[in-house]
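Engineer:
In the numbering used here, the protein residues as written are 60 to 240.
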């Protein structure tokens, strides 16, 4: 074998070893730092909802809700009857707006903003906007009829659209529906 060929083979072998070591290191870092988004969501549902029971995931893939501009990202139900949703809608201002919605006894009892790009979320909280959705009978409730917050119109509309997706999904699939949980 000529010196030139031997040099090329050695260079290839060194690069292969470097690639192998780098791949193993990246795999190890991923193994120790990986965060399962489903488990994180279930843990968040449990801590945020005040539910005593354990949650079981029902919807694990984003599901568009027919008749709305919102979707269900995740939906889980606890053994003590709490229904927890992560819903999403598009805000004209900041893109996707995610909302956590908690239902017990066919009534919303808690809403919290999730990931979003809007800068006016604090106005919704200051105006106690989420409380407008609480303790309504979901069978007759139209979230789109809730008044928006002045100065946070796009954020208000995104929340209303996301909650509307939750209410329609709940009424169609949970409250007497096919996935009665």
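For every residue, glycine included, the Cβ atom is placed at its ideal position computed from N, Cα and C.
(1) Run through DSSP, which three-state label would residue 67 get?
(2) Determine the direct distance from the alpha carbon of residue 168 to that of residue 106, and round the result to whole angstroms.
(3) Roughly how many angstroms lie between the CA atoms of residue 93 and residue 84, to the nearest whole one?
(4) Look at the alpha carbon of residue 110 and the alpha carbon of residue 181, and state the distance between them as a whole number of angstroms.
(5) Is residue 108 near residue 217, with beta carbons less than 8 angstroms apart?
(6) Under a Cβ-count criterion, where at least 16 other Cβ atoms within 10 Å of its own Cβ denotes burial, should residue 239 be classed as buried or exposed?
(7) Where does residue 238 sit, in a helix, a strand or coil, going by DSSP?
(8) Could you give the DSSP three-state label for residue 219: helix, strand or coil?
(9) So is residue 142 buried or exposed if we call it buried at 16+ other beta carbons inside 10 Å?
(10) State the Cα-Cα distance for the pair residue 89 and residue 82, rounded to the nearest angstrom.
(11) Use the C-beta contact count for residue 175: other C-beta atoms within 10 angstroms, 16 or more gives buried, fewer gives exposed.
(12) For the alpha helix (DSSP H) that residue 147 lies in, which residues bound it at each end?
(13) Buried or exposed: residue 162, going by 16 or more other Cβ atoms within 10 Å of its Cβ?
Structural biologist: The answer reads as follows:
(1) As a working mapping, residue 67 is identified with position 8 in the chain shown. Correct three-state label for residue 67: helix.
(2) Taking the first residue of the chain shown as 1, we reach residue 106 at position 47. Taking the first residue of the chain shown as 1, we reach residue 168 at position 109. The alpha-carbon atoms of residue 106 and residue 168 are separated by roughly 15 angstroms.
(3) Taking the chain shown and counting its residues from 1, one reaches residue 93 at position 34. Taking the chain shown and counting its residues from 1, one reaches residue 84 at position 25. Taking the straight line joining both Cα atoms gives about 14 angstroms.
(4) If you number the chain shown from 1, residue 110 lands on position 51. If you number the chain shown from 1, residue 181 lands on position 122. If I take the Cα positions, the gap works out to 26 angstroms.
(5) For this step, residue 108 is matched to residue 49 along the chain shown. For this step, residue 217 is matched to residue 158 along the chain shown. Taking 8 angstroms as the Cβ cut-off, residue 108 and residue 217 do not qualify as a contacting pair.
(6) Working through the chain shown from its first residue, we reach residue 239 at position 180. With a pLDDT of only 45 at residue 239, under 50, the local geometry of the prediction cannot be trusted, and no value is derived from it.
(7) In the chain shown, counting from the first residue as 1, residue 238 sits at position 179. Unreliable placement is indicated for residue 238, whose pLDDT of 47 sits below 50; the coordinate value is still reported in the next sentence. Here residue 238 sits in coil by DSSP.
(8) Residue 219 sits at position 160 when you count from the first residue of the chain shown. Helix, per DSSP.
(9) Here residue 142 corresponds to residue number 83 of the chain shown, with the count starting at 1. By the 10 Å Cβ count, residue 142 comes out buried.
(10) Your numbering for residue 89 matches position 30 in the chain shown. Your numbering for residue 82 matches position 23 in the chain shown. In a straight line, the C-alpha of residue 89 is about 10 angstroms away from that of residue 82.
(11) In the chain shown, residue 175 corresponds to position 116, counting from 1. Answer is buried; the Cβ neighbour count reaches 16.
(12) Here residue 147 is taken as the residue at index 88 of the chain shown, counted from 1. Where residue 147 is concerned, there is no enclosing alpha helix (DSSP H), although the beta strand (DSSP E) it sits in stretches over 142–150.
(13) Position 103 of the chain shown holds residue 162. With 16 or more Cβ atoms within 10 Å of its Cβ, residue 162 is classed as buried.
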